[in-house]
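Here the structure is laid out as structure tokens; the discussion comes afterwards.
2 protein chains.
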Amino acid sequence: MPTMVDVAKRAGVALSTVSYALNGTRPISEETRQRIYAAMEELGYKPHALARGLASKRSKIIALLFPTPERGLGLTELEFVTSAAEAARNKGYHLVLWSLPTDSSELRQLLQQGLVDGVLVMEVHLNDPRIELLRELEFPFSMIGRCAESTGMSYVDIDFDRTTQLAVNCLAELGHRQIGFINHSHEAFEAGYGPTVRVAQRFNEAIAAAQLHGVSSFCHDSVAAGYETFNQLLTDHPALSGLIVMNERAIPGIIQAVSERGWSIPDDISLISLVSSARVAEMTLPTLTTLEPPIAELGALGVDLLIQQLEAQDRELPQALLPCQLVVRGSTGQARRTER
Amino acid sequence: MPTMVDVAKRAGVALSTVSYALNGTRPISEETRQRIYAAMEELGYKPHALARGLASKRSKIIALLFPTPERGLGLTELEFVTSAAEAARNKGYHLVLWSLPTDSSELRQLLQQGLVDGVLVMEVHLNDPRIELLRELEFPFSMIGRCAESTGMSYVDIDFDRTTQLAVNCLAELGHRQIGFINHSHEAFEAGYGPTVRVAQRFNEAIAAAQLHGVSSFCHDSVAAGYETFNQLLTDHPALSGLIVMNERAIPGIIQAVSERGWSIPDDISLISLVSSARVAEMTLPTLTTLEPPIAELGALGVDLLIQQLEAQDRELPQALLPCQLVVRGSTGQARRTER
DNA sequence: ATGAAAGCGCTAACAG
DNA sequence: CTGTTAGCGCTTTCAT
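Respectively, the protein sequence lines represent chains A and B. Position 328 of the first sequence, counted from 1, bears residue number 328 in the working numbering, the numbering being contiguous throughout. Position 198 of the second sequence, counted from 1, bears residue number 538 in the working numbering, the numbering being contiguous throughout.
Here is the structure:
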């Protein structure tokens, strides 16, 4: 592999001039610039990433802090990872994957290795030890999601308020008055998992504002739990006709429970899956009306915000909220006229 | 951040002694070793990854060459990525994600940056330009999957022969004599996508060996295509009672087509989903009997083989084949006695 | 507009 | 067993 010295020699200039030409760090006469680029071309020169990083103190590598598969991973995460990787590459950065439990002590070590310039944190919890550590070390980071006190921090997140509102509106406009909400588990809620907490809260507000009847329920992320939870919910509230579910893994159980009652979706129950991808929505019969998260956008935007923060001289910490998009499929329909 | 110089001063030894102590590259008296480690502890010293990489010419970073979402990504890929990342970290390596189309010219640039020691290539095609490039540059790599001529290269792959055999056996033992196989698309086959080609071939061999009747069909990776393909297959071969499907995305369409005929799974048709994860298998009604790929093992093993290759002095290029595991769920049952 | 030279923090000869 | 020193390939002052 040729180095800068080789290029400099061949172009008949000083080593530093090559560097400046490459980085545009200072004015170079058009003529020498040409010579240098020609020399690079001829030699097949490519700057050495490590050397550049060591000298400049900027590795141009960022880390994606990825949750370990506690709650099981979805397609969501995958799309996220790939879009983040692509966004990073588009900006000339590399993305390394750090898959760690939120309370891992390893994070500190990793950060202190000086390998990465900044960190993109996925699945931020309301009280997240990773965020505390990053703040303590004053290490640059952006979040996907938010923690309890996110002022002065950079993040992108789903606009859960708007998303929840869209779901409630959709059912309300179809004439549903009695609406159930099946959330993630109570444990997730207690642990302060953002979406769980935010949607739970907003659901009640939206229901109240629209003068509907609403009832919420937690549910573990499993088919069996979905089955149980739905049956319990309908035993307690037989008049429910609309259901908002933010729990992809519970959905097959719910569908099964509906069908075992001899009911059908959407004739007897309308169902909206919150923060759920098209891929999953099309696995079921009927296909699911969803509010689909703009995953790729979130991933790319998260990376952009982080890099912006790394390269900006001013200490502005950008934030962004993106709503999910309503995609109407087969699982929602007009509410029945007659009460059951 | 403290550096080695600081540690050396504090421990009262030479800079290099610290280095040797850290890397175990040469014998150090127990006493000085203690002093050095104490000093590191007190200062909170962590070796600088870039500096180490530059000096040693080994970055301890590997890249995962990730396919761009052409055919759409599955859960499979995700689990793969996370297990690879974890395996790498366990061995003291970092994993960067390079998400590129197989024919991208960018790969060459990335490799020449000198950032990574080796590459793990996912979704290898039978004729894969990435592999050709890696060979040309003599760049260390391992593959997930194999290309046409894989001798002398390091890879891990699913044992498709064994997997296909298991599927055929399973149906045969249930008394099915007329067995259909729904593959990925013809395009995937033509493009030399490994699983598509290998299973197609092995299916015929296994059917012949067991003296059964078999019929294969290609199918695009979509619900609609699954629906069409199934109907066509049953029009042409009405006696089919067992179906092997290696196309997760087509399955909902198949299930729908079965139900529209007034048939049921598994009473009228038994169905096995090949190389399909539990997560998907439990989304449907009935749940799917599958041959589940050992994804996490493949990811971890792939990383291990690559690192082994990087660190071994001898030029052995290890290979491994892992079979899928048969998990019987609700979609398979005894063949009907009577012909339809 | 260009050069010369001093590091960045570490590894690995070379020399005792 | 330990110390000295020359790089690794680049960025970035400081000169001119």
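We put the beta carbon where it would ideally sit given N, CA and C, even for glycine.
Presumed contact (8 Å Cβ cut-off) between residue i and residue j, rounded CB distance
i        : j        : result
B:THR629 : B:THR569 : Their Cβ separation, rounded to whole angstroms, is 19 Å, which puts B:THR629 and B:THR569 out of contact at 8 Å.
A:HIS186 : A:VAL215 : Incorrect: roughly 15 Å between the Cβ atoms, too far for contact.
A:PHE181 : B:THR422 : Their Cβ separation, rounded to whole angstroms, is 30 Å, which puts A:PHE181 and B:THR422 out of contact at 8 Å.
A:TYR227 : A:GLY253 : 4 Å
B:GLU588 : B:SER613 : 7 Å
A:MET40  : A:VAL5   : Actually they are not in contact, since the Cβ atoms of A:MET40 and A:VAL5 sit about 12 Å apart, beyond 8 Å.
B:VAL643 : B:ALA427 : 4 Å
B:GLN518 : B:ALA579 : 5 Å
B:LEU390 : A:LEU50  : 5 Å
A:THR102 : A:LEU291 : Not a contact, Cβ separation roughly 26 Å.
B:LEU645 : B:VAL496 : 6 Å
B:SER581 : B:SER610 : 7 Å
B:LEU330 : B:CYS510 : Here chain B covers residues 341 to 680 and nothing more, so residue 330 of chain B does not appear.
Residues sharing a beta bridge with residue i, DSSP
i        : result
B:GLN518 : B:HIS553
A:THR290 : A:SER273, A:VAL327
A:HIS125 : A:TYR193
A:SER142 : A:LEU120, A:SER154
B:LEU437 : B:LEU404
B:GLY582 : B:ILE519, B:SER610
A:LEU321 : A:ASP157
Residue-chain proximity (residue i, chain A), Cβ-Cβ < 8 Å
i        : result
B:VAL421 : yes
B:GLY642 : no
B:MET493 : no
B:LYS431 : no
B:ALA549 : no
B:SER525 : no
B:MET462 : no
B:MET623 : yes
B:ALA681 : Residue 681 of chain B lies beyond the range of chain B shown here (341 to 680); nothing can be said about it.
B:VAL563 : yes
B:LEU646 : no
B:SER399 : yes
B:SER616 : no
B:LEU394 : yes
B:LEU580 : no
B:MET586 : no
B:LEU650 : no
Chain B within 8 Å of residue i, Cβ atoms only
i        : result
A:ALA39  : no
A:PHE160 : no
A:PHE66  : yes
A:PRO252 : yes
A:VAL328 : no
A:MET4   : no
A:GLY299 : no
A:GLN334 : no
A:HIS48  : yes
A:ARG94  : The amino acid occupying residue 94 of chain A in the given sequence is His; Arg does not appear at that position. Cβ-Cβ to chain B under 8 Å: yes for A:HIS94.
A:ALA51  : yes
A:GLY114 : yes
A:GLU77  : yes
A:SER29  : no
A:LEU134 : no
A:LEU43  : no
Candidates the options: closest to residue i by CA position
i        : options                                : result
A:ALA84  : A:SER29, A:SER19, A:PRO294             : A:PRO294
B:GLN374 : B:LEU580, B:THR365, B:TYR385, B:ALA361 : B:ALA361
A:ASP159 : A:THR32, A:GLY145, A:LEU285            : A:GLY145
B:LEU650 : B:ILE605, B:THR357, B:GLY432           : B:GLY432
B:PHE558 : B:LEU552, B:MET493, B:TYR533, B:ALA548 : B:TYR533
B:GLU419 : B:ASP607, B:TRP438, B:ALA640           : B:ALA640
A:HIS48  : B:GLU446, B:ASN509, B:LEU450, B:GLY384 : B:LEU450
A:LYS46  : A:LEU54, A:ALA11, A:ILE28, A:THR3      : A:THR3
B:SER444 : B:HIS434, B:GLY454, B:LEU473, B:ILE591 : B:LEU473
A:VAL121 : A:CYS147, A:GLY114, A:LEU115           : A:CYS147
A:LEU115 : A:LEU166, A:VAL124, A:GLY152, A:ALA55  : A:ALA55
B:LEU477 : B:LEU466, B:THR491, B:VAL459, B:PHE543 : B:VAL459
A:ALA210 : A:HIS176, A:ASP268, A:ALA38, A:LEU233  : A:HIS176
B:ALA351 : B:THR408, B:ILE376, B:SER494, B:ASP561 : B:ILE376
B:ILE401 : A:ARG108, A:SER277, A:TRP98, A:ASP314  : A:TRP98
B:ASN430 : A:HIS94, A:ALA38, A:ARG89, A:LEU100    : A:LEU100
B:GLU291 : B:SER359, B:ASP608, B:SER482           : A query on residue 291 of chain B cannot be resolved here, the shown segment of chain B reaching from 341 to 680 and no further.
Near the ligand MN: residue i beta-carbon under 7 Å from a heavy atom
i        : result
B:ASN523 : Absence of the ligand MN is noted for the structure shown, with no ligands found whatsoever.
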